[in-house]
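Residue numbers (this note's numbering): 14 to 326.
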């Protein structure tokens, strides 16, 4: 399914002055004085998200969403501000992707086993984007080494839709009802919007034509917001999670072939831990609605690898 680009312009405009570390990342263009650079690359990204429903401390439902090896465009820029400060960032856009979803319910409180399960191999990634902006300051630097500390903001937006699939329900006894949904019938759409703030530590080491760089990030979400459409039940759920811890890491290896060209490989990882939050449920066919405290939960993680050529001009 083609990505929906209607929500990208504001984020894309914010990335004009952001990037990854200059020597160790995907430098595609560099200004004559070296103070500004930009990169563009290609990668593969894997995504996982958890969606939860609670009744007090009892877990009523868990939906596991995932996509693997999503083709991803990567772009960004960096600006050397002077006084050892650097502004950098990136934007990743998933261009297309398949997925998988499993939905389990625990409707009988007296047993630990799930009572209902549906499996949806025809799950499609509707869109994925992730952007960060970060400022850091050099604490130590030589001709071959740079160490810095910084902080920044990030935002991720991901949405899946599940179609068709099979189910096992418990009608009169545990797991006694088996069936299939119609092929191509849209069952559930799930979207997460994830704003984060983080502190970071970064390092670069150049050995001849080879540059190795890495960074770690630690922080928290401002609270995942998600929207969950159950099309067969005519219901829409709005969930707002409490803040949750997040961690991230990146590493890159850059080998310079020519003064103006190099090859690279890079990896990125981000994890947002589980948090609970409040739910508002609305009917999509009437004005009926209801609110529930601490009835929802969510988590998220992503990891990617990118590779290609770099140029300096």
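Where a beta carbon is used, it is the ideal one built from N, C-alpha and C, also for glycine.
| request: Would you please state the rounded distance, in angstroms, between the beta carbons of residue 288 and residue 257? I believe it to be under 8 Å. | output: As a working note, residue 288 is residue 275 in the chain shown. As a working note, residue 257 is residue 244 in the chain shown. Indeed, because the Cβ distance is near 4 Å, the residues count as touching under 8 Å.
| Does the count of Cβ pairs from the region 132-147 and the region 169-187 closer than 8 Å reach three? | yes
| Is the CB-CB distance between residue 77 and residue 90 below 9 Å? | In the chain shown, the residue the question calls residue 77 occupies position 64. In the chain shown, the residue the question calls residue 90 occupies position 77. In this structure, the beta-carbon distance from residue 77 to residue 90 does not fall below 9 Å.
| field | residue 154, buried or exposed, once every other Cβ within 10 Å from all chains shown has been counted against 16 | value | Numbered from 1 along the chain shown, position 141 holds the residue referred to as residue 154. Answer is exposed; the Cβ neighbour count stays below 16.
| said: For the pair the region 214-227 and the region 248-265, tell me if three or more CB-CB distances fall below 8 Å. | reply: Yes: at least three Cβ pairs fall under 8 Å.
| task | Along the beta strand (DSSP E) that carries residue 254, what are the first and last residues, could you check? | result | Counted from its first residue, the chain shown places residue 254 at position 241. Per DSSP, residue 254 belongs to the beta strand (DSSP E) from 248-254.
| query | When the Cα atoms are used, what is the spatial distance from residue 111 to residue 148? | reply | Taking the first residue of the chain shown as position 1, residue 111 is located at position 98. Taking the first residue of the chain shown as position 1, residue 148 is located at position 135. In a straight line, the C-alpha of residue 111 is about 35 Å away from that of residue 148.
| field | Assumed close pair residue 238, residue 164 - CB separation to whole angstroms, cut-off 8 Å | value | Within the chain shown, residue 238 is the residue found at index 225, counting from 1. Within the chain shown, residue 164 is the residue found at index 151, counting from 1. Not a contact, Cβ separation roughly 22 Å.
| message | Taking the beta carbon of residue 299 as the centre, do at least 16 other beta carbons fall within 10 Å, making it buried, or is it exposed? | response | Taking the first residue of the chain shown as position 1, residue 299 is located at position 286. Its Cβ having fewer than 16 others within 10 Å, residue 299 is exposed.
| said: In whole angstroms, give me the CA-to-CA distance for residue 319 and residue 55. | reply: By 1-based counting over the chain shown, the position of residue 319 is 306. By 1-based counting over the chain shown, the position of residue 55 is 42. About 6 Å.
| query | Start and end of the beta strand (DSSP E) containing residue 185? | reply | Here residue 185 refers to the residue found at position 172 of the chain shown. First-last for residue 185: undefined, no H or E at that position.
| said: So if DSSP puts residue 121 in a beta bridge, which residue, or which two residues, is it bridged to? | reply: Counting from 1 along the chain shown, the entry for residue 121 is found at position 108. DSSP lists no partner for residue 121.
| Selected residue, minimal CA-CA separation from residue 120, among 130, 166, 82 | Within the chain shown, the letter at position 107 stands for residue 120. Minimum Cα distance to residue 120 is reached at 130.
| task | Tell me whether residue 193 sits in a helix, a strand or coil according to DSSP, three-state version. | result | Working through the chain shown from its first residue, we reach residue 193 at position 180. Of the three classes helix, strand and coil, the one that applies to residue 193 here is strand, per DSSP.
| task | State the Cα-Cα distance for the pair residue 87 and residue 53, rounded to the nearest angstrom. | result | Position 74 of the chain shown holds residue 87. Position 40 of the chain shown holds residue 53. Rounded to the nearest whole angstrom, the C-alpha separation of residue 87 and residue 53 is 6 Å.
| message | Classify residue 196: buried if its beta carbon has 16 or more other beta carbons within 10 angstroms, exposed otherwise. | response | One-based indexing of the chain shown puts residue 196 at position 183. Burial call: exposed.
| request: Output the residue ranges of the alpha helix (DSSP H) runs that lie fully inside the region 40-91 and measure 4 residues or longer, sorted by chain position. | output: Within the region 40-91, no complete alpha helix (DSSP H) run reaches 4 residues.
| message | In the DSSP assignment, the beta strand (DSSP E) including residue 155 goes from what residue to what residue? | response | Position 142 of the chain shown, counting from 1, holds the residue named residue 155. Counted as a single uninterrupted DSSP element, the stretch harbouring residue 155 is not any beta strand (DSSP E), since DSSP gives it neither H nor E.
| query | What are the start and end residues of the beta strand (DSSP E) that includes residue 260? | reply | Counting from one through the chain shown, the residue named residue 260 turns up at place 247. For residue 260, the uninterrupted beta strand (DSSP E) run begins and ends at 258-271, by DSSP.
| task | For residue 275, name the three-state secondary structure that DSSP assigns. | result | What you label residue 275 is simply residue 262 of the chain shown in a count that begins at 1. Correct three-state label for residue 275: strand.
| task | Please classify residue 313: is it buried, with 16 or more other beta-carbons within 10 angstroms of its beta-carbon, or exposed? | result | Position 300 of the chain shown, counted from the first residue, corresponds to residue 313. Under this definition residue 313 is a buried residue.
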